[in-house]
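K.L.:
Protein chains in written order, with my numbering: chain V, 22 to 239; chain R, 510 to 825; chain S, 149 to 578. C-beta: ideal position from N, C-alpha, C; glycine also. Keep in mind the model is a prediction, meaning the values are calculated, not measured.
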Ligand SMILES: [Zn+2]
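Given below as structure tokens:
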């Protein structure tokens, strides 16, 4: 068979770039870095090392965060931690409420997730519906021994009985506010801002049950 | 995307690339333990085949089932042209059954178009091959296969060789490949090129040997021996000598050039067995890719409240 | 209307100056301005164009055999509503009009319906099979007095048979009306052959298949000294060939349909069989050429090729659908739109192309006459200033395959008189 060059990259749709943040900055790049370092340590502590760990980022924002956490763990433990991505689009409970959405990459590490300790990584935890979808999606991929959840920001207002095991920052918000996470790998710079929700629609509005943005929940 | 997929011309470049990207994601499913996704749970997809095509039907059936759709196979063979009204009657029946999408194969060019526009049904209609008109999902899977091997298709040279006149695959491929920026050359004896082909925005040639060395992709079309009886060419032997792809011609190809065939092949007519089975041949892979591409089309048309990329304005 | 006398007040004969026209005893009694009503029924025709009743050389009335599509009664009612006072009923019925018995039956059905005169066309060959001449003489001698012979729907493609037919009809001043379609070049043909047919994957019907037959038949006609009429000319090449034949002085006449004057092949891209017709709709260039041919007299007449089909024969996929479209009720409007309003024909020319010349070709003596005292009162009053959006449901035809559906067309037939008796009154059947 001929070799297969990688098809054009689908991880960064052109419309993903978020314009310069409006509103109040709640985490600057150094805050984000410190939060991820802390999460990495907490994961290792909880798991008593890196054995059987698999990090699955939820696209879009969760994927670079999972990679950064994996790098930190490797730096500490001296072993490679498998990182992947898990798209939840088809498992969303609001799939039929909007036009069909583009899929995002699902990339399961070669050794799979059976009997592994999977840490799901996302940028913002909000209603919890994305995580429910992720649990369903994972169910079709394999059967981990344990599933844990790491998020950069927990902004509260859960619709479902879901909580994070590792949280970068708890951020009390009102429903009228929007949390925007920008990441170097995607947006060219790191930062978390919070703003009154004045933009209707678009990438930053509303709750994660109604945003159509792939990296929603921000 | 539009609500129906009747012609490759229905796809903008953005639409086509979205299908290819989606297919790429869905193709990885083949490597997973559970080859099933929930996206079309509760949706009904009807395979309405007025013409035998086990390959295409199975491909659509597998695609729909992997997306958890309910699939109804409706073979209405033999009733198509003898009594035209059966298309309408069937459509009304399917409408009553609540089909969300009708995948239709028909011997009459334009039958899917009629199904979509005559007011008989509100379902999405996907053309799975109509007469000598089009076969847009075949073109998508061909483009997908090329894209996986060659990357972006801009400026790539694709030679489509054979019975262009009667080929719905050639029509859909010419349209889609132009949309994706490829250069298309249709190669056939003059009798097997359609009248007015100069308006298709493609190159044409009667001489396969002058085209092959420059091609990145060579797609061989099926040529039915019966065409000989209608004087499209003198004999099968003369046809394969002038237009068939054999080892000697294959040696003229560039190293990266791939050989495709939409099937079913007539080995010894348009392609020799050693070429079909060579390492350049991606014919088997085309079949695998067919399922992924059809999953992508079904998902993008039926997965949401509207087809993907539908703005409020389009939906109105 | 009980009175025998009708006074048409203020009409413009052939679009000229207004005059009053008195009809009495089925004939035109007097034509001049300021006539006294003297107890006659008065028809106010102020601003209306007065034309001789239209004569159609090419109508499919479908009876006997396809009474679900049309009958002589419904078809002739539609004809009257379109301003026609005589129609030629094509022979491709079931049974085929290839014997004196069938043509007389059709002729009588026309008589008893009474909406317009029905002149049956006789088949050239038995059963339209193209094998053996039908009894042309018997049909000519019958009560129907057939003068036009045609296998329309099929081409008399055999050159010897065509030659014999042309020769044979000379004995009774007949004419052979040829449906020019080379059969081998049009096997399975679905639409005009061109870039679009290639793209749509619909088998092409090339212009040459029409032109080759016309050229052959013109030469045959000249050779045997007979009379040829070419049905539904649709291509620029055909117009040129006929122009050449006429320049030689050969006895060749030709017709064009309203749909070939207006509609083009791009309508096939809808795959809606409403636009499927034989010969097919052609290109813009062809439309321009047939208009020019009609304007300069190369094409002698407009004939409708009114071809009713029941709903189910059109409500299907293109390839399975029947060929043909309605035309009687819209013909004059289409001619106004494409020819008169475009400055290519005057109303006097329209009277020539749609009444006088078709009557002459078909040897219909009572029709296509001048609007003058003593002539039969076969007349139509037409309002060119009206306009309407075509609504197929409003047709008197049993069928609904109207290709102008939803189009806005000018003009309205207001009154039609057949031998002084109104068949249409205020746009409705009288
Ligand atoms: Zn005809």
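(1) From residue 140 of chain V to residue 552 of chain R, what distance separates their C-alpha atoms?
(2) Would you kindly work out how many angstroms separate the C-alpha atoms of residue 418 of chain S and residue 640 of chain R, rounded to a whole number?
(3) Quick check on DSSP: helix, strand or coil for residue 468 of chain S?
(4) Going by alpha carbons, who is nearest to residue 476 of chain S out of S:227, S:510, S:206 and S:355?
(5) Under 7 Å Cβ to Cβ from residue 794 of chain R, same chain only, skipping five residues before and after it: list those, please.
(6) How would the residue list near ligand 1 read, in chain order, if you kept each one whose beta-carbon is closer than 7 Å to any heavy atom?
(7) Which residues of chain S have a Cβ atom closer than 8 Å to the Cβ of residue 768 of chain R, listed in chain order?
(8) Less than 7 Å between C-beta atoms, sequence neighbours within five positions excluded: which residues of the same chain meet that for residue 606 of chain S?
(9) Three or more C-beta pairs under 8 Å: does that hold for the region 542–561 of chain S against the region 472–492 of chain S?
(10) DSSP on residue 577 of chain S, reduced to helix/strand/coil?
(11) Taking only beta-carbon atoms, is residue 73 of chain V less than 9 Å away from chain R?
(12) Give, in chain order, every residue of the region 111–138 of chain V whose Cβ lies closer than 7 Å to some Cβ of chain R.
(13) Using beta-carbon positions only, say whether residue 351 of chain S and residue 373 of chain S come within less than 9 Å of one another.
(14) Can the beta-carbon of residue 706 of chain R be found closer than 9 Å to that of residue 667 of chain R?
(15) Mind checking if residue 200 of chain V is an interface residue toward chain R, Cβ cutoff 9 Å exclusive?
(16) With distances taken between CB atoms, is the gap from residue 155 of chain V to residue 86 of chain V smaller than 9 Å?
(17) So, helix, strand or coil for residue 161 of chain S, using DSSP?
(18) Going along the chain, which residues of its own chain have a beta-carbon closer than 7 Å to the beta-carbon of residue 578 of chain S, five neighbours each way excluded?
(19) Under three-state DSSP, which class holds residue 542 of chain R?
(20) Along chain R, which residues have their Cβ under 9 Å away from the Cβ of residue 162 of chain V?
(21) Does residue 520 of chain R pass the burial test, meaning 16 or more other C-beta atoms within 10 Å, or should it be called exposed?
(22) Secondary structure at residue 570 of chain R, three-state DSSP: helix, strand or coil?
(23) With a floor of 3 residues, list each beta strand (DSSP E) that falls wholly inside the region 611–664 of chain R, ordered by position along the chain.
(24) Quick one: what does DSSP say residue 407 of chain S is sitting in, helix, strand or coil?
(25) Determine whether the beta carbon atoms of residue 511 of chain S and residue 295 of chain S lie at a separation below 9 Å.
(26) For a cutoff of 9 Å on Cβ pairs, would you count residue 221 of chain S as touching chain R?
(27) Starting from residue 535 of chain S, trace the beta strand (DSSP E) both ways and give me its first and last residue.
(28) Just verifying my parser: in three-state terms, what is the DSSP assignment at residue 178 of chain S?
(29) For a contact defined as C-beta to C-beta under 7 Å, what are the partners of residue 814 of chain R on chain V?
(30) Listing by chain order, which chain V residues have their CB less than 9 Å from the CB of residue 818 of chain R?
(31) Would you say residue 216 of chain S reaches chain R, if we count a Cβ-Cβ gap shorter than 9 Å as a contact?
(32) Looking only at its own chain, which residues have a Cβ that is under 8 Å from the Cβ of residue 588 of chain R, when we skip the five neighbours before and after it?
(33) Residue range of the alpha helix (DSSP H) that residue 256 of chain S falls in?
(34) Taking buried to mean at least 16 other C-beta atoms within 10 Å of its own C-beta, is residue 318 of chain S buried or exposed?
(35) Excluding the 5 residues preceding and the 5 following residue 506 of chain R in the sequence, name in chain order all residues of the same chain whose CB lies nearer than 6 Å to its CB.
P.N.:
On the basis of the supplied data:
(1) 33 Å
(2) 16 Å
(3) helix
(4) Considering only S:227, S:510, S:206 and S:355, the residue with the shortest C-alpha distance to residue 476 of chain S is S:227.
(5) 654
(6) Result (chain order): S:300, S:301, S:327, S:379, S:380, S:426 and S:453.
(7) Under the 8 Å cutoff, chain S gives no residues; its nearest Cβ is about 26 Å from residue 768 of chain R.
(8) With chain S represented from 149 up to 578, any question about residue 606 of chain S goes unanswered, as that position is not in the structure.
(9) yes
(10) DSSP places residue 577 of chain S in strand when its eight states are reduced to three.
(11) Closer than 9 Å: no.
(12) 111, 112, 116, 117, 118, 119, 120, 121, 122, 123, 124, 126 and 127
(13) no
(14) no
(15) Not one chain R Cβ lies under 9 Å of residue 200 of chain V.
(16) no
(17) strand
(18) Excluding residues up to 5 positions away in sequence, 570, 571 and 572 lie with their Cβ nearer than 7 Å to the Cβ of residue 578 of chain S in the same chain.
(19) coil
(20) 541, 542 and 543, listed in chain order.
(21) Classification for residue 520 of chain R: buried.
(22) helix
(23) 633–639
(24) helix
(25) In this structure, residue 295 of chain S lies closer than 9 Å to residue 511 of chain S by Cβ.
(26) no
(27) 527–537
(28) strand
(29) 117, 118, 119 and 120
(30) Those are 120, 121 and 123, listed as they occur along chain V.
(31) By this cut-off, residue 216 of chain S is not an interface position.
(32) Reliability fails at residue 588 of chain R, whose pLDDT of 48 lies under 50, so the model's placement of it is uncertain and the value that follows must be treated cautiously. The answer, listed in chain order, is 559 and 595.
(33) 248–261
(34) exposed
(35) Absent from the model: residue 506 of chain R. The displayed extent of chain R is 510 to 825, so no value can be given.
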